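Colleague: A single structure is presented below for examination.
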Amino acid sequence: MRSSLPQASLSAAALVLMATNLSLAAPPLALLYHSDPKIRIDAIERLAAQGDSSLVDDLIRAQSIENYTPVHHAYRKALLPLTGLQSLPPGMNWKAWLASEVEAGRLQIDCLPVEPSDVDESNRGELQPIASQLGPEHFDAMAGRLTSPSGKIPDSDALRYMVANDHLPKVRAFLTGDWLAQTLGRKELNINTLAYHLNGLAQPGPLRDKINAIVIVCLQSDDATAVANSLHMIAGVDGFTTVFRVLDAEPHVRKLLESENPEIANQARRAMKRVAPEAVMEEVSYADAFRDLYDALGRYYPCFALKAIDWPAVGKELLPKADEVKTDDEFGLLCLELVARLQDSHASLLPARARLPQPPFPQWDPGFACLLDDRDRPVVYYVDAGGPAKDAGVAVGMTLVKLNGVPVADAMESWMKEMTRYVGYSSNRYLRYQSARMFCRQMTQGQVVEVELERLDGELVTFKLHCTLGVRYLPRLPVPISGISDSANVSWTKLNGDIGYIYVRRIAGDLVERLDRAVGELKDAKGLIVDVRGNSGGGFDASRALRNFAPDDGQEPDRPRFHGPMAVLLDARCISAGEGWASWFIAEGRARTFGETTAGASSRKTTYPLKNGLYRVQFPVKAYTGFLDRPIELRGLEPDVPLRQSARDLAVGRDTVLEAAKKYLQESQHKPEA
């Protein structure tokens, strides 16, 4: 018999909820692990409506490994009335509350089995993998995944398993054994995943105290990677809100501020803001902080020679300007100029104590965007529905000739000069790609711009258009493809001629799962196109993220594989992890590539806090090679078949590059075997 809170301890709100929801059937527990957060929330509400306090441990178990904030809110809304609490005690999470109830003898942890088979077939395939792997019989497999030298580091589902089952003695022994120290010593470590899931343990609690003690031991280690990763976990990952608090870490972090290792020193400075936020930062002048940043970039940036950047000359020009700075905004703009001189798309100024300054960039346009065609001319590829350009008669396929009476080559050059004062671009290709899309933008909303365009028949037409549309999402694909979402991470369809097509728009956390689904549906196609045009990057597990396209790879044999001929589409907007991921197809000779050379911006980065605490700077410290034997930075990935869109094709909705790849694959089907 499962122990539960006595019925009398249920709050009045819980009793009312139970009385008014008796008609709602209890859903299967497995729906707490559905991939759709809306379905998870519905399951939480329906379970809470039963008024069964014996479900408290099951709900808290699922809540401890939940990764979506609105679902956390649903758990809180359900658990408070179900437990009779008004709120959790300060500094305590639900796992810690549950542990205190168990210790007091009011509850025992006796989690019900999660049975995916209880879920209807329409939803069963959408359950997260962990839904079928929560039982104690899976411990050995999950421990093996967390200690494996390959795969994700850490394996997210395996770590979630451990956190969900932290009431089991063998799980507690594993978590407080050698695993964490070994993991912190790994270079390819997802810090935020590790910190986020470990935060699901009871806080405060003996298990979390032991975890914190291991982190402090790692701070004193001779292993530089373990030290840097431990500091990074305490400091937090830029762009994420996860806070991993380690009591008594301050003296160890403070000592590491003087490390000769730049990564350790940088992470220690960031971590100090977590462990000693009350510490008053040393007063540093604008000039001294700027000089320190200039010196740091000079020491650590790896691509000066590759890009023929004369850094001493940059210092001679910009260092004296720091003496003239009077305000934080002026200082920020000068820092932007300095960082832009790295000519690197991964180098950027980030806010800290001060907000980011706003450079004087034009933001308003009349509702169309161009790309560079096969004659290197800006040709309209997109027109906003209902915008001034559309209403005036601007059409896809028209070539821009003049802007406000200025030849387009000069107008684009002027825009690029303005932009590169404050923004660095890793290659001129990427800069010109962005220029073609944005050089018509003006400073003032409603400003009139005069554009001269050439129709396909050579006729010149002039329009005076009001610039009323601001910064917005512009399609990455040159021509829309039926069944494909331009903004989704990964989408796929089957084209005519029995050709499969997968658009990889981002290298996101769901890449492996989405590719499994895509290849599973397209594996019988006669040819497959993978399109990374416009890919904005992200991050991927190199050991798993390309396995669908490696027929001879014996790992994970249950994952779908594509065995046929392949083509990959590239363009100048494919950047960062998009380039790294796509480089595998080139290195392995797995596909013929079509399109344009990619952006050439791919590197390992660090974040450097400025001495005055106003800003941080993210910049590369190591050029990334992907799967190649040379850096991707600046050079990019060069296609086997260089090709751009033609104005005539755009005008009729024909994707020049896609059609060339389709033709290649169709011809490959008819070639005799060697």
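Under the working numbering, think of the first position of the sequence shown as 1, with each following residue one higher.
Cβ atoms here follow ideal geometry from the backbone N, Cα and C, with glycine treated the same way.
What you are looking at is a predicted structure, and each value in this text was computed from that prediction instead of being measured.
Buried or exposed for His-252, going by 16 or more other Cβ atoms inside 10 Å?
Modeller: buried
Colleague: Mapping the DSSP letters down to three states, classify Asp-58 as helix, strand or coil.
Modeller: helix
Colleague: Answer yes if the region 321–334 comes into contact with the region 347–360, meaning at least three C-beta pairs across the two stretches below 8 Å, and no otherwise.
Modeller: yes
Colleague: From which residue to which residue does the alpha helix (DSSP H) around His-73 run?
Modeller: 69–83
Colleague: When the Cα atoms are used, what is the spatial distance from Trp-94 to His-167?
Modeller: 13 Å
Colleague: At what residues does the beta strand (DSSP E) containing Arg-604 begin and finish?
Modeller: 603–609
Colleague: With DSSP as the reference, label Ala-661 as helix, strand or coil.
Modeller: Helix, per DSSP.
Colleague: Report the rounded CA-to-CA distance for Phe-139 versus Val-171, giving the unit in angstroms.
Modeller: Take the alpha-carbon of Phe-139 and the one of Val-171: they are about 8 Å apart.
Colleague: Leaving aside the five residues before and after Leu-112 along the sequence, list all residues of the same chain whose C-beta is less than 7 Å from its C-beta, in chain order.
Modeller: Result list for Leu-112: Leu-29, Asp-58, in chain order.
Colleague: Going by DSSP in three states, Ser-132 sits in which element: helix, strand or coil?
Modeller: helix
Colleague: Can you tell me whether DSSP reads Thr-462 as helix, strand or coil?
Modeller: strand
Colleague: Closer than 7 Å by C-beta to Ile-264: which residues in its own chain qualify, once you throw out the five before and the five after it? Chain order, please.
Modeller: Ala-224, Val-227, Ala-228, Leu-231, Leu-256
Colleague: Express the C-alpha separation of Arg-505 and Pro-642 in angstroms, rounding to a whole number.
Modeller: Linking Pro-642 to Arg-505 through their CA atoms gives a straight-line distance of about 21 Å.
Colleague: In this structure, does DSSP put Leu-495 in helix, strand or coil?
Modeller: strand
Colleague: Checking 7 Å against the spacing of the C-beta atoms, do Leu-372 and Ala-436 come in under that value?
Modeller: yes
Colleague: Below 8 Å on the Cβ atoms is my contact criterion, and I expect Ile-484 with Ser-491 to pass it. Report the Cβ-Cβ distance as a whole number of Å.
Modeller: Going by Cβ atoms, the distance from Ile-484 to Ser-491 rounds to 5 Å, so yes, they are a contact pair.
Colleague: Take Ala-305 as the anchor and find which of Met-398, Leu-342, Ala-322, Ala-271 has the nearest alpha-carbon.
Modeller: The candidate whose alpha carbon is nearest that of Ala-305 is Leu-342.
Colleague: Between Ala-582 and Ala-601, what straight-line distance do the alpha-carbon atoms span, to the nearest angstrom?
Modeller: 13 Å
Colleague: Rounded to a whole number of angstroms, what is the C-alpha to C-alpha distance between Asp-486 and Pro-70?
Modeller: 26 Å
Colleague: Quick check on Tyr-301: does DSSP put it in helix, strand or coil?
Modeller: coil
Colleague: Quick one: Cα of Ala-26 to Cα of Leu-47, how far?
Modeller: 6 Å
Colleague: For Trp-364, which residues does DSSP report across the bridge?
Modeller: Gln-442
Colleague: Short check: CB of Thr-607 to CB of Gln-618, under 7 Å?
Modeller: Yes, these two residues count as a Cβ contact at 7 Å.
Colleague: Among the residues of its own chain, which have a CB less than 7 Å from the CB of Glu-126, if the five just before and after it don't count?
Modeller: His-34, Ser-35, Asp-36
Colleague: Considering only their Cβ atoms, is the gap separating Leu-189 from Ile-153 smaller than 7 Å?
Modeller: yes
Colleague: Using the C-alpha atoms, what's the distance from Val-163 back to Val-243?
Modeller: So the alpha carbons of these two residues sit roughly 17 Å apart.
Colleague: Please list the terminal residues of the continuous beta strand (DSSP E) segment that includes Pro-351.
Modeller: 348–351
Colleague: Assuming Thr-598 and Leu-569 are in contact, meaning their beta carbons sit under 8 Å apart, how far apart are those beta carbons, in whole angstroms?
Modeller: Going by Cβ atoms, the distance from Thr-598 to Leu-569 rounds to 11 Å, so no, they are not a contact pair.
Colleague: Determine which residues share a DSSP beta bridge with Cys-370 and list them.
Modeller: Val-380
Colleague: When the Cα atoms are used, what is the spatial distance from Arg-2 to Leu-107?
Modeller: Bear in mind that the predicted position of Arg-2 carries a pLDDT of just 46, short of 50, making it unreliable; the figure below should be weighed with that in mind. Roughly 9 Å separates the two Cα atoms.
Colleague: Pick out the complete alpha helix (DSSP H) segments inside the region 393–430, 4 residues or longer, and give them in chain order.
Modeller: Runs of the alpha helix (DSSP H) inside the region 393–430: 408–422.
Colleague: Rounded to a whole number of angstroms, what is the C-alpha to C-alpha distance between Glu-137 and Ala-74?
Modeller: 30 Å
Colleague: Which same chain residues, not among the five before or five after His-466, have their C-beta less than 7 Å away from its C-beta?
Modeller: Residues of the same chain with a CB within less than 7 Å of the CB of His-466, apart from the 5 flanking positions on each side, are Pro-366, Pro-388, Gly-446, Val-448 in chain order.
Colleague: Is the beta carbon of Leu-319 closer than 7 Å to that of Leu-338?
Modeller: No; because the gap between Cβ atoms is not below 7 Å, this pair is not in contact.
Colleague: Mind the definition here: the region 642–659 touches the region 378–385 only if three or more C-beta pairs lie below 8 Å; say whether that holds.
Modeller: yes
Colleague: Cβ atoms of Gly-578 and Val-519: under 7 Å apart, would you say?
Modeller: no
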